[in-house]
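Asks: Quick note, our numbering runs 94 ahead of the 1-based positions in the sequence shown.
Sharing a structure here in structure tokens format.
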Amino acid sequence: MTERPGFDWIIPAPQAAQGCCDFLRETMAASGLKRVVIGLSGGIDSAVSAGLAVRALGAENVHGVYLPYRTSAPESLADAQAVAAKLGITSELREITPMADAFLADVPADAAVRRGNVMARCRMIVLYDVSARERALVLGTGNRTETLLGYATLHGDAAFALNPLGDLYKEEVRALARFLELPAAVLDKSPSADLWEGQTDEDELGYTYADADRVLHFMIDEGLGDAQLRSLGFTSALLADVRARVRAQAFKWLPVPYARVLDRPMPDDAWLARKD
95 MTERPGFDWI
105 IPAPQAAQGC
115 CDFLRETMAA
125 SGLKRVVIGL
135 SGGIDSAVSA
145 GLAVRALGAE
155 NVHGVYLPYR
165 TSAPESLADA
175 QAVAAKLGIT
185 SELREITPMA
195 DAFLADVPAD
205 AAVRRGNVMA
215 RCRMIVLYDV
225 SARERALVLG
235 TGNRTETLLG
245 YATLHGDAAF
255 ALNPLGDLYK
265 EEVRALARFL
275 ELPAAVLDKS
285 PSADLWEGQT
295 DEDELGYTYA
305 DADRVLHFMI
315 DEGLGDAQLR
325 SLGFTSALLA
335 DVRARVRAQA
345 FKWLPVPYAR
355 VLDRPMPDDA
365 WLARKD
């Protein structure tokens, strides 16, 4: 069997960190605000996003929020608190169980995805309220792999004001976590949205993020067809699943369509930058 390609194509961590931090500084300067609020899950993505924000904006301008549900793994909260302590940021605990359960009473217990979406949206309601209180912007944590595969909840974890990780694959986020010297527990744990007991991202997907990263890079970034991808060692089943997910989930990242009756223009960057 052909050995699958490695990760020699990923962005070096110092370069990725510089690009992400430049983006954060420029975007915050344009917003007129100084602070960001981030939901800290205890996972690698939120830890890296927070770490980059501290590097770019200073720890005093980053506020973390822990948003557990009653079925959340206890170690998730402990890991999130370890990240906040490592980064030296302020933080608070906001339990979402009461607000989520009020809605979930009408959602069947076996409707795991629906229930998970409710929890993700409850978390974002809290984050946006905290951001209003703090006069801050909500910082996103989703990476390119999750975005392309649609592994996010609209108006949940896919809702944010700015996101430093959106152009980075999961393996590039892992490299950044090592570069930022984040706690080992965060680096080593299995990725999980922690939406129900025992849930892991890779179990849900049916393959590893490492495989997803490689397929997405060569399929989308390099534009290789299936025959070329199979010659690199990827199975037809894996390629078919990834391609189907990208196509089916594109609505989550494409602009929301609306009727263009007169095709009126929206203000562009040049118009917004005008001083008159």
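Each residue gets a CB set at the ideal place from its N, CA and C atoms; glycine is no exception.
Would you kindly report the start and end of the unbroken alpha helix (DSSP H) that includes residue 306?
Replies: 303-310
Asks: So within the region 123-196, which uninterrupted beta strand (DSSP E) runs reach at least 3 residues, ignoring any that extend past its ends?
Replies: Along the region 123-196, the beta strand (DSSP E) occurs as fully enclosed runs of 3 or more residues at 129-133, 156-160 and 184-187, listed in sequence order.
Asks: Excluding the 5 residues flanking residue 339 on each side, which residues of the same chain have their C-beta closer than 7 Å to its C-beta?
Replies: 243 and 244
Asks: Under three-state DSSP, which class holds residue 323?
Replies: helix
Asks: Ends of the beta strand (DSSP E) at residue 203?
Replies: No beta strand (DSSP E) contains residue 203, which DSSP labels as neither H nor E.
Asks: Using 9 Å as the threshold, is the C-beta distance between residue 127 and residue 258 below it?
Replies: no
Asks: Using CA coordinates, which residue listed in 143, 122, 299 and 175 is at the minimum distance from residue 240?
Replies: 299
Asks: Go ahead and pull the three-state DSSP assignment for residue 355.
Replies: Here residue 355 carries a coil assignment [DSSP, helix/strand/coil].
Asks: Quick check on DSSP: helix, strand or coil for residue 110?
Replies: Residue 110: helix per DSSP, three-state reduction.
Asks: Based on DSSP bridge pairs, tell me the residues matched to residue 230.
Replies: 129, per the DSSP bridge assignment.
Asks: So for residue 95, helix, strand or coil by DSSP?
Replies: Any reading at residue 95 must be qualified, since the residue scores a pLDDT of 43, below 50, and its modelled position is unreliable; the value itself is stated next. Of the three classes helix, strand and coil, the one that applies to residue 95 here is coil, per DSSP.
Asks: Checking 9 Å against the spacing of the C-beta atoms, do residue 271 and residue 141 come in under that value?
Replies: Residue 141 is positioned such that its CB atom lies closer than 9 Å to that of residue 271.
Asks: What does the alpha-carbon distance come out to for the pair residue 228 and residue 307?
Replies: C-alpha separation (whole angstroms): 36 Å.
Asks: Please classify residue 274: does DSSP put it in a helix, a strand, or coil?
Replies: In this structure, residue 274 counts as coil in the three-state DSSP scheme.
Asks: When the Cα of residue 153 is compared with those of 133, 135 and 178, which residue comes out closest?
Replies: Selected option, being the one with the closest Cα: 178.
Asks: What do you reckon, are the CB atoms on residue 87 and residue 146 nearer than 9 Å?
Replies: A question about residue 87 goes unanswered here, because the residues of the chain that appear run from 95 up to 370.
Asks: Go through its chain and collect everything with a Cβ distance to residue 157's Cβ below 6 Å, but skip five positions before and after it.
Replies: Taking C-beta separations shorter than 6 Å and ignoring five residues to either side along the sequence, the partners of residue 157 in its chain run 131, 184 and 228, following chain order.
Asks: Across the region 262-280 and the region 244-253, are there enough close Cβ pairs to call them in contact, namely three or more that are closer than 8 Å?
Replies: no
Asks: Does DSSP classify residue 371 as helix, strand or coil?
Replies: Since the displayed the chain opens at 95 and closes at 370, residue 371 lies outside it and no answer follows.
Asks: Quick one: Cα of residue 166 to Cα of residue 370, how far?
Replies: 51 Å
Asks: Less than 9 Å between the C-beta atoms of residue 328 and residue 305, yes or no?
Replies: yes
Asks: Where do the N-terminal and C-terminal ends of the alpha helix (DSSP H) with residue 243 fall, by residue?
Replies: 238-243
Asks: Taking just the CA atoms, how far does residue 120 sit from residue 317?
Replies: 31 Å
Asks: Using the beta-carbon count (16 or more within 10 Å), is residue 220 buried or exposed?
Replies: buried
Asks: Along the chain, where does the alpha helix (DSSP H) that runs through residue 341 open and close?
Replies: Segment 330-343, the alpha helix (DSSP H) holding residue 341.
Asks: In or out: residue 187 buried (at least 16 other Cβ within 10 Å) or exposed?
Replies: exposed
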